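In numbering that gives the first Met the number 0, the protein residues as written are 0 to 418.
Presented below is the structure to which this report refers.
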Amino acid sequence: MGCVHVIGAGLSGLSAAVSLACRGKRVLIHEASGHAGGRCRSYDDANLGCRIDNGNHLLLSGNTAALSFLETIGADGALTGPERAAFPFVDLDSGKRWTVAPGTGRIPWWIAVPSSRVPGTRLREYASILRLARATPGQTVADCIGGEGALFRLFWEPLTLAALNMSPHEGAASLLWAVVRETFLAGEAACRPLMARDCLNRAFIKPSVQFLTARGGQIRFHKRLGEITYKESRAETLRFADGETLVLTDKDTVIVAVPPASAALLIPNLRCPEGSRAIVNVHFRVEGLNGNTGIIGIVGGVCHWIFVRGDIVSVTISAADALAEFPSERIAHLTWSEVARILEHQNLPMAPYRVIKEKRATFAQSPANVRRRHGVETAWRNLFLAGDWTDTGLPATIEGSIRSGRTAADAVQHCTSCT
Ligand SMILES: Cc1cc2nc3c(=O)[nH]c(=O)nc-3n(C[C@H](O)[C@H](O)[C@H](O)COP(=O)(O)OP(=O)(O)OC[C@H]3O[C@@H](n4cnc5c(N)ncnc54)[C@H](O)[C@@H]3O)c2cc1C
0 MGCVHVIGAG
10 LSGLSAAVSL
20 ACRGKRVLIH
30 EASGHAGGRC
40 RSYDDANLGC
50 RIDNGNHLLL
60 SGNTAALSFL
70 ETIGADGALT
80 GPERAAFPFV
90 DLDSGKRWTV
100 APGTGRIPWW
110 IAVPSSRVPG
120 TRLREYASIL
130 RLARATPGQT
140 VADCIGGEGA
150 LFRLFWEPLT
160 LAALNMSPHE
170 GAASLLWAVV
180 RETFLAGEAA
190 CRPLMARDCL
200 NRAFIKPSVQ
210 FLTARGGQIR
220 FHKRLGEITY
230 KESRAETLRF
240 ADGETLVLTD
250 KDTVIVAVPP
260 ASAALLIPNL
270 RCPEGSRAIV
280 NVHFRVEGLN
290 GNTGIIGIVG
300 GVCHWIFVRG
310 DIVSVTISAA
320 DALAEFPSER
330 IAHLTWSEVA
340 RILEHQNLPM
350 APYRVIKEKR
360 ATFAQSPANV
370 RRRHGVETAW
380 RNLFLAGDWT
390 DTGLPATIEG
400 SIRSGRTAAD
410 AVQHCTSCT
């Protein structure tokens, strides 16, 4: 039996490896850094004296691949969220608060009830969803639904920033439609917000690694792949940055599950998305919170979302390329004033904080880049691709990563030249 070499231990690589291990394949993961998880990870923060995630990760109950992955690795129950779909919002300009609470059916009847709608919106504005459904590949969200009005500012804009990590004027309408179709239009049961109960590592990463190693899979850390050499229609060797060379046998296959810029260095003439967008997270450790868990969407401020988990209040700012250039202290002050206002703790002195700037959080999810997403197969018969940037039809998310890994595992399984 050949070995499947998976390059990268992010969620895409882990998903591919788990899926292959379930089919009895021999898997060896090579990871450049000293830990698994890639952009979805946790660490012990000395300043806050607790474990935090690199960034808040929100899932929805309609993320079927992510949920079934958790079940496979024995981590079902690792996510938590409200029993019913409800997204509380606050507008810092007007001070208004409201909750988006989708109804149970597939048809969003709730928008017919004025008190259930986003404040200041009229029923006919919601017809914009039909224009999103008919989006052409070249359109941005704003091209489809228009770029103004209360519904745009209070619903479409925050939703696009959260789902695409881009403004509606830049983000691809087709990707937002995929999210709306699989969650909001699938009824309340598909759009309940979910987040890691303890941390991302305990939910996704540690159980995947345990699952793999229990089935004979291996992960090698500090193993940056520097080059792949090719011969005729196959990848021939893997050359690592530390000087090691692995010669692939006829039965071996390779899944490259690294971000697009790294993949382009390994695979000649690779068509892939260009450019990325930042996400900034600020984690505050706030004494005296009552241990609640929840999220709040914010309009009209610097912060976009606040996640509360125990005594950690975490702020997410998407499409944050400009903000990421600010000094961390300034970012903490800007966001704390909003957090204190929203949580009604105005008199509290600023809590201890950690600012995490993920400058390449996702690829720039523009219509042009959607066209540059690559399928799972490459020009080489034993080389496959996975990653949130590959052509999953979804935005760059946990759900997309896990599906991409599963697709790559299917391709390896069906690869007749490497059984
Ligand atoms: C701050 C932040 C917030 C986010 N919020 C959400 C959210 O709310 N909901 C959601 O669903 N998604 C969210 N995401 C997106 C989600 O984290 C990613 O889509 C997902 O983690 C990508 O996984 P991946 O395996 O495709 O890539 P990565 O996680 O980037 O993994 C690639 C791995 O390959 C390794 N590597 C790179 N080059 C090499 C090489 N040459 N040799 C060996 N190894 C290599 C890297 O070290 C890395 O471990 C967020 C991301 C960030 C950064």
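Just so it is clear, CB atoms sit at the ideal spot from N, CA and C, and this is done for glycine as well.
All of these numbers come straight from a predicted model, not from anything done at the bench.
If I measure Cβ to Cβ from residue i and keep anything under 7 Å in the same chain, skipping five residues before and after, which residues do I get?
i, result
"E376", "F383, A410"
"V369", "P136, A171, S173, L174"
"D43", "R50"
"N200", "G36, R40, S41"
"I72", "V17, P206, S207, F210"
"P107", "P101"
"R214", "A20"
"A339", "Q345, L347"
"L184", "R105"
"A134", "C143, A172, S173, W176"
"L47", "H282, R284, P351, R353"
I'd like to know whether the C-beta atoms of residue i and residue j end up nearer to each other than 8 Å.
i, j, result
"I294", "P192", "yes"
"G186", "R116", "no"
"L163", "V17", "no"
"A256", "A149", "no"
"L153", "V301", "no"
"P267", "R371", "no"
"G54", "T334", "no"
"M0", "G80", "no"
"I51", "H29", "no"
"S32", "F220", "yes"
"T182", "G102", "no"
"L422", "D310", "Not covered by the structure: residue 422. The range shown for the chain is 0 to 418."
"A84", "H303", "no"
"F362", "A318", "no"
"A260", "L393", "no"
"A15", "G404", "yes"
"A279", "V354", "The sequence as given places Val at residue 279; Ala does not occur at that position. Cβ distance < 8 Å, so V279 and V354 count as in contact."
"G459", "F203", "Residue coverage of the chain in this structure runs from 0 to 418, which leaves residue 459 outside it and unanswerable."
"A350", "V307", "no"
"A331", "V281", "yes"
"R38", "E324", "no"
"C190", "L59", "yes"
Closer than 6 Å by C-beta to residue i: which residues in its own chain qualify, once you throw out the five before and the five after it? Chain order, please.
i, result
"R402", "A64, T391"
"A141", "P167, H168"
"Y125", "I110"
"Q452", "Summary: the structure shown does not reach residue 452, with the chain confined to residues 0 through 418, and so no result is reported for it."
Determine which residues share a DSSP beta bridge with residue i and list them.
i, result
"R358", "Correcting the residue type first, residue 358 is Lys in the shown sequence and not Arg. In the DSSP output, where bridge partners are listed per residue, K358 has none listed."
"S41", "D52"
"C143", "Per DSSP, none; premise fails for C143."
"Y229", "A234"
"A195", "L78"
"H4", "L27, V253"
"F239", "L224"
"L59", "P192"
"Y352", "F283"
"R219", "H29"
"A213", "Note: A213 sits in no beta bridge, so no partner."
"A171", "T139"
Using C-beta distances below 8 Å, list every residue in its chain close to residue i, excluding the 5 sequence neighbours before and after it, in chain order.
i, result
"G119", "A149, L153"
"D92", "V298, G299"
Please specify which runs of the alpha helix (DSSP H), each continuous and at least 4 residues long, are wholly inside the stretch 361 to 397, giving them in chain order.
With a minimum length of 4 residues, the continuous alpha helix (DSSP H) runs that stay inside the stretch 361 to 397 are 366 to 370.
Start-end ranges of the beta strand (DSSP E) lying completely within the stretch 65 to 116, minimum 3 residues:
You should have 86 to 90, 96 to 99.
4 or more residues per run - each alpha helix (DSSP H) lying fully within the stretch 241 to 328
Counting whole runs of 4 or more residues, the stretch 241 to 328 contains the alpha helix (DSSP H) stretches 259 to 265.
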